[in-house]
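Chemist: Starting off with a structure, shown below.
Numbering (the working numbering), first residue to last: -3 to 177.
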């Protein structure tokens, strides 16, 4: 049997290629030239060719307080208990030095865990439970003045602490240095 005598199976031959697009023909499935025919571009659904876009036809819904929310760097009492000694001063700088806080956000102490050491905390905000636990351990809490809300109360629930009252408490270092002279 020679090569000439071989017969192809039915439907086994490929269709002859015509033009670049082969099966898709002249425009390769993209139609005539225009925005959708260009390479690497997708048609943006927001642009509706002069018609008022759907996004602008629909009414605005709801309100978000996200841009007004207070964002804090959070430190728990368990972390303070591990990293600080008794009679240490807890400030933003000391927390950064111990690796508990990064960045420029204000610091807030939360009451997760317990504390047995007497510490002096001078921070931006504190939770009610954390303030109570520090006071039970005979520590001191001073909330830094907030330039926006100088007269606002500390997040202490029904507690009597206000920012003006708190800032009058001297730090323990000043008491020690005053008594030594």
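Think of the CB as a built atom: it goes at the ideal place given N, C-alpha and C, for glycine as much as any other residue.
Got a sec, what are the start and stop residues for the beta strand (DSSP E) residue 136 sits in?
Modeler: Its beta strand (DSSP E) spans residues 136 to 139.
Chemist: Residue 76 and residue 115 - do their beta-carbons sit closer together than 8 Å?
Modeler: Yes, the pair counts as a contact, with Cβ atoms nearer than the cut-off.
Chemist: List the residues that DSSP assigns as beta-bridge partners of residue 105.
Modeler: Partner(s): 71, 122.
Chemist: Expressed to the nearest angstrom, what Euclidean distance is found between the alpha-carbon atoms of residue 110 and residue 38?
Modeler: Each residue's alpha carbon lies about 57 Å from the other.
Chemist: Roughly how many angstroms lie between the CA atoms of residue 71 and residue 127, to the nearest whole one?
Modeler: Taking the straight line joining both Cα atoms gives about 13 Å.
Chemist: Whose C-beta lies closer than 8 Å to the C-beta of residue 4 among residues of the same chain, with five residues either side of it excluded?
Modeler: So no residue of the chain qualifies.
Chemist: To the nearest angstrom, report how far apart residue 108 and residue 74 are at their CA atoms.
Modeler: About 7 Å.
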